[in-house]
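J.: Residue numbers (my numbering), protein chains in the order written: chain A, 6 to 364; chain B, 100 to 452; chain C, 171 to 504.
Here it is, the structure, as structure tokens.
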Amino acid sequence: MGEIKLSDVNKSYGSVHVLKDIDLHIKDGEFIVFVGPSGCGKSTLLRTIAGLEKITSGEIKIDGKRVNDVSAADRGLAMVFQSYALYPHMTVRQNLAFGLENSNMPKAEIAERIGEAARMLEIDQYLDRRPGQLSGGQRQRVAIGRAIVRRPTAFLLDEPLSNLDAELRVSTRAELAALHARIGSTMIYVTHDQVEAMTLAHRIVVMRAGKIEQVGTPLDLYNTPANRFVAGFIGAPHMNFLSAQVVEVDPASVTLTIGGSHRLLVPLAGHKLSVGEKLTVGIRPQHITLASDPGSLTVKVRLVEALGSETVIHADLHGEKLLAVVQGQKQITPGDEVHFSVAGAPLHLFDNNGLRVGA
Amino acid sequence: MGAAARFILRRKGGPGGRGWHWTDIVTWVWLIGGLVIMFGPAVWLTFSSFKTPAALNEFPPSILPYVTSQATVEGYDKPLQLYDAKMPDGSTRVLAEVRRIGIMAQMVDPKAPGEIIRVNINDRTPVRSVSFATENYTEPFVHFDFLRYLWNSVFVTVVATLITLIVNSMAAFALSKYEFRGRNLAMLIILATLMVPLSVIMVPLYSIISTLGMFNSLWGVILPTVATPTGVFILRQYMLTIPDELIDAARMDKASEWQIYWRIVLPLTAPALAVLAIFSVVWRWNDFLWPLIVLSRRELYTLQVGLSIYSGELNVQWHFILAMTVVTMIPVVLVFIFLQRFITTGIAGTGLK
Amino acid sequence: MTKTAFSSLLMTPVNALMRIVDAPLRRLQKATGISGMAAFFLAPNMLIFGIFVLLPLVINFVYSMTGGTAFFLSERSFVGGEQYARLFSCVDYLDPMSCQEDAFWTAVGNTFWFVLLQVSLMILASLVTALILNRDLVARSFWRAVFFFPVLLSPVVVGLIWKWILQRQGLLNYILYQFGAEPYSWLTDRTWTFAATIGVSIWAHMGLYTLILLAGLQAIPKDLYEAAEMDGTRPARVFWRITLPLLAPNLLVVVVLALIKAVQVFDEVYVLTGGGPGTSTLYLTQYIYETGFASALRNPGLAAAASILMGLVLVVLTLLQLGVGRRSENKGKR
């Protein structure tokens, strides 16, 4: 079992409030990812769950048991650290055994668990080496192995892939997903990389400045971001934000102008907008297409990045930046005027406070 | 020889044909002079320590330890001194001196003791041979409490170093890996007293030692020295470089704080511990003033105290003192030979001694 | 492989001991939490430190205001500032012999001249040696070790080595004899003995300061010298305009360190001369030691008062060092 429940958790260092009213229910077997910019409190949140940091107020329950005052050693969790934190003076085998010896496990069982984990992670041949003699990827596996042998209630992973090179990161990511499928334990994973979050998570927790901004499945967050921050954070390249003004309202739709005069009809049910109100429209770069008719948005091209399969166009619309990712290779050069179409693209409306308008 | 000199005196990297600049000459005069002045006295002392008391009193002294040869001659009770005597015909014979009257010596041939030969004392020189008076080394062990002093010094050095390492490393661990109220205060106190020398506190320290019943006890010598601020400082600086994540990882691995200290932090601090251990051994071995104050019973003296007391006596037995001095130097010379590079880089890095 | 086997054999009993220690400590940790363990780790050091360093430091002031020959504080009578008054009672402040404690003022005077001459000559010698060692030398670490060797010797050994060399039948007289000089008893001559204490203590300590200065010299970036060479700067100018200014912070630290050491001079001089002949090499620490312990007319209160005065000098020098250290640190940051 690995159900973790946080209620109203707060944490401050002196006058600095680093976690604010965190409520979160992590289900057994779930792969959950904390994501957010650096300094948002995601690592601190993980460390409070681990028991490495004490919370200032609130409650943390593991499998229904309150663990606020339980030490890190007795919470039954295992952690994989960003730097791997392997004991440099011990061999791989001793690294794996250390935690098990501390809980007075019989030698035979320790050996069996190490053998099993080593086979699973394909590190059998390195067992008698020291961490200093291993490559980054191998160390990473040992760090995961050290967690696996413990058979913990839940795994806590603190940016475990950030010290790997890009290629290794992609393959290890896939292995981690496979590992989770195989073990089935709860995993809590912290990263600042939204691609990792999208590919690994059952549910993503987006954090900013000590607060949870939104919790949901990757596609939930992508399709219906709760606010402008989440919308901008999830998806690459970032979503375009254009200022807009309401010019017509209807019970089932609104009409806005963007880029000065371009009119957009957005179907929207149950809204409370009125004419003249100012909004922000969010459009993902992938949803913009090139058009030929002059009735669409006319933009001035600033920069063109030809990636082969797609072309990234940095453009300027009445002083606002607009980014488009279009399929295929295009004959466009900076300084050109081109036409963008957003017809049929999912549009996200945010009010002045950055909150999502409508469903 | 010439090739060796060329190799040693060669200036590294200098273009061959440029010749000698005056600064090169100054450099080599200074270095060779330094070599003689720095090592010479110790070498001289070591040679001297193998001389017999008679040879020590000679002037001018010889570099190597010589003894004059004697021979037992038939018809004479005491052994007689042997001389190379120049005969009137210009040849040289080895003769034994029976007695001296004025400037004439009465001598006999050891092989034919019947005939007395008279030789002018200016025509004879003692027969001498190089001989090491090893009894200078063996006798103090028997006649003095030298073995006792040696043991006391070893005991003080080893025990003080062990306690220093344990106590200092524990404190350094607390000061580098825990956040607690008063940590900065503790650090400040330690740093502030880095410069409290013994000479400033010896009177009250003596009264504290007496109150604790440690006067005339080796523990009274050991304990005041073990909480060295220098040691705490060196170890703490080193422990700060151990990543905190390792400590966290150990805590997640169900290690107790003691285990973290013993099994994670201490092994990783080994290089700094080694430096401190070497320093501590040299410090404690060389300590003089404090043992001199605390120890007043002869059987408790350390080598340094014993040496200074014996050398201060009215009738100094230099042959024993010199030999004991050489023995006292041995551990430090060993440290110097094997660990010199280690120490010099350590001092250059921390600026501490 | 055998090496690890050996060390594991050595460590087995130690590890067993540590495991035995661990059990009660785990219980302690349960009871006090992690911050309690911090106190536990700090306690032994702070306890020893408190009893043998801090406590004496505090008691010293009390001590200096008591009289009598007893050592236990409870058996001593309070005399207020009498000991200090005694130290400072002089008929003519320019003549130490006119003071009640003429030995104290003699020691102060001797120490003053000793510090002045020893530190300045030693720093000069160290600087020259460091500059020479910083050249492109073959076997530099060997030469560095040569000058460092006496630093490790015990002061008693240093004292005895030189006592042996300076005595009448000693090496020095032998060398001078080769040039036709008559043997001389150097250590019975007041001036020569004083000079000998300075020379010997320079011999014994200059290696340490050479080492620190050499480290400072090697920290000066090589490209500065290369740039100067490109500009055709004369070597003397390079020394005055590049080496010396950049070495200045190290030089100041070394001077203050040497001052602090020199004020406390005792061990090697005590063995070499015993303070004599007469009082010509009686220095402050020996005065404190003899007043406090050695003489039949011992007066620990007076010794404590003198040691506090000496402590004040050291405090000033230490503050100077901290100030110098901070300044050079700031320089490093800029």
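Positions of the beta carbon are idealized from the N, C-alpha and C atoms, including for glycine.
In this text, all values refer to a predicted model and were calculated from it rather than measured experimentally.
Which residue spans inside the stretch 190 to 261 of chain B form an unbroken alpha helix (DSSP H) run of at least 4?
T.: Entirely contained in the stretch 190 to 261 of chain B, the alpha helix (DSSP H) runs reaching 4 residues are, in chain order, 234 to 242.
J.: With a Cβ-Cβ cutoff of 8 Å, do residue 243(A) and residue 297(A) count as a contact?
T.: No, Cβ-Cβ distance for residue 243(A) and residue 297(A) is not below 8 Å.
J.: Within 10 angstroms of its Cβ, does residue 192(C) collect 16 or more other Cβ (buried), or is it exposed?
T.: So residue 192(C) counts as buried.
J.: Check whether the Cβ atoms of residue 357(C) and residue 351(C) lie closer than 8 Å to each other.
T.: No, Cβ-Cβ distance for residue 357(C) and residue 351(C) is not below 8 Å.
J.: Can you have a look at residue 163(B) and say buried or exposed, based on whether 16 or more other CB atoms are within 10 angstroms of its CB?
T.: Counting Cβ neighbours within 10 Å, residue 163(B) comes out exposed, since fewer than 16 surround it.
J.: Once the 5 residues before and after residue 376(C) are set aside, which same chain residues still bring their CB inside 6 Å of it?
T.: Excluding residues within five positions, the ones whose Cβ falls inside 6 Å are 292, 295, 296.
J.: Which residues, in chain order, does the stretch 352 to 380 of chain B contribute to contact with chain A at a C-beta distance below 9 Å?
T.: Those would be 352, 353, 354, 355, 358, 362, 363, 366, 367, 369, in chain order.
J.: Between residue 205(A) and residue 148(A), what straight-line distance do the alpha-carbon atoms span, to the nearest angstrom?
T.: C-alpha separation (whole angstroms): 19 Å.
J.: Excluding the five sequence neighbours on either side, which residues of its own chain have a C-beta within less than 7 Å of the C-beta of residue 131(A), listed in chain order?
T.: Cβ within range, chain order: 97, 139, 143.
J.: Quick check on the DSSP output: the alpha helix (DSSP H) that includes residue 180(B) runs from which residue to which?
T.: Counting along the chain, residue 180(B) falls outside any alpha helix (DSSP H), though it belongs to the beta strand (DSSP E) covering 179 to 185.
J.: Is residue 256(B) near residue 389(B), with beta carbons less than 8 Å apart?
T.: Cβ atoms of residue 256(B) and residue 389(B): not closer than 8 Å.
J.: Can you name the residues of chain C whose CB is closer than 9 Å to the CB of residue 201(B)?
T.: Correct list: empty, because the minimum Cβ distance to chain C is about 26 Å.
J.: For chain B, is any of its Cβ atoms less than 8 Å away from the one on residue 254(C)?
T.: Cβ-Cβ to chain B under 8 Å: no for residue 254(C).
J.: Quick check on residue 276(A): does DSSP put it in helix, strand or coil?
T.: DSSP places residue 276(A) in coil when its eight states are reduced to three.
J.: Using the beta-carbon count (16 or more within 10 Å), is residue 456(C) buried or exposed?
T.: By the 10 Å Cβ count, residue 456(C) comes out buried.
J.: Using a C-beta to C-beta distance shorter than 7 Å, which residues of chain A count as neighbours of residue 345(B)?
T.: Going along chain A in sequence order, the residues near residue 345(B) (Cβ under 7 Å) are 90, 92.
J.: How would you write the range of the beta strand (DSSP E) that residue 332(A) sits in, first residue to last?
T.: Residues 325 to 332.
J.: So which of 471(C), 474(C), 362(C), 487(C) has the shortest CA-CA distance to residue 426(C)?
T.: Of the candidates 471(C), 474(C), 362(C), 487(C), the one whose C-alpha sits nearest the C-alpha of residue 426(C) is 487(C).
J.: Excluding five sequence neighbours on each side, which residues of the same chain lie with their C-beta closer than 8 Å to the C-beta of residue 431(C)?
T.: Only 375 meet the Cβ criterion.
J.: Does the separation of the CB atoms of residue 267(B) and residue 340(B) fall below 8 Å?
T.: The answer is no: Cβ separation not under 8 Å.
J.: Using a cut-off of 7 Å between C-beta atoms, extract the partners of residue 350(B) located in chain A.
T.: By Cβ distance, chain A contributes 57, 77, 78.
J.: Going by beta carbon distance, what residues of the same chain come within less than 6 Å of residue 333(C), once the five residues before and after it are set aside?
T.: Closer than 6 Å at Cβ, skipping near neighbours: 442.
J.: Count the C-beta pairs between the stretch 243 to 263 of chain A and the stretch 73 to 83 of chain A that are closer than 8 Å, then say yes if the count reaches three, no if not.
T.: No, the stretch 243 to 263 of chain A is not in contact with the stretch 73 to 83 of chain A.
J.: With residue 127(A) as the anchor, note down where its alpha helix (DSSP H) starts and where it stops.
T.: Here residue 127(A) belongs to no alpha helix (DSSP H), and DSSP marks it neither H nor E.
J.: To the nearest angstrom, how far is the alpha carbon of residue 216(C) from that of residue 394(C)?
T.: Going by the C-alpha atoms only, they are around 47 Å apart.
J.: Could you tell me the boundaries of the beta strand (DSSP E) in which residue 434(C) lies?
T.: Neither: residue 434(C) is in no beta strand (DSSP E) and is coded neither H nor E.
J.: Could you tell me which chain B residues have their CB closer than 9 Å to the CB of residue 192(C), listed as they occur along the chain?
T.: Within chain B, the residues near residue 192(C) are 355, 357, 358, 361.
J.: Measuring straight from C-alpha to C-alpha, what distance separates residue 432(B) and residue 403(B)?
T.: C-alpha separation (whole angstroms): 16 Å.
J.: Can you check DSSP and say which residues form a bridge with residue 269(A)?
T.: Bridge partners of residue 269(A): 261(A).
J.: Does DSSP put residue 376(C) in a helix, in a strand, or in coil?
T.: The answer is helix: DSSP assigns residue 376(C) an H, G or I state.
J.: In the DSSP assignment, the beta strand (DSSP E) including residue 219(A) goes from what residue to what residue?
T.: Residue 219(A) -> beta strand (DSSP E) spans 216 to 221.
J.: Buried or exposed, going by whether 16 or more other CB atoms sit within 10 Å of the CB of residue 503(C)?
T.: With a pLDDT of only 39 at residue 503(C), under the threshold of 50, the placement of this residue in the model should not be trusted, and no figure is reported.
J.: Once DSSP output is grouped into helix, strand and coil, what is the label at residue 109(B)?
T.: Interpretation of residue 109(B) is limited by its pLDDT of 48, a score under 50 that renders its predicted location unreliable; no figure is taken from the coordinates.
J.: Indicate whether the contact test is met: 3 or more Cβ pairs, each with one atom in the stretch 314 to 327 of chain C and one in the stretch 395 to 403 of chain C, closer than 8 Å.
T.: The stretch 314 to 327 of chain C is not in contact with the stretch 395 to 403 of chain C.
J.: Contact criterion: CB-CB distance below 8 Å. Does residue 339(C) meet it with respect to chain B?
T.: Chain B, which has a Cβ nearer than 8 Å to the Cβ of residue 339(C), makes this yes.
J.: In or out: residue 346(C) buried (at least 16 other Cβ within 10 Å) or exposed?
T.: Label assigned to residue 346(C): exposed.
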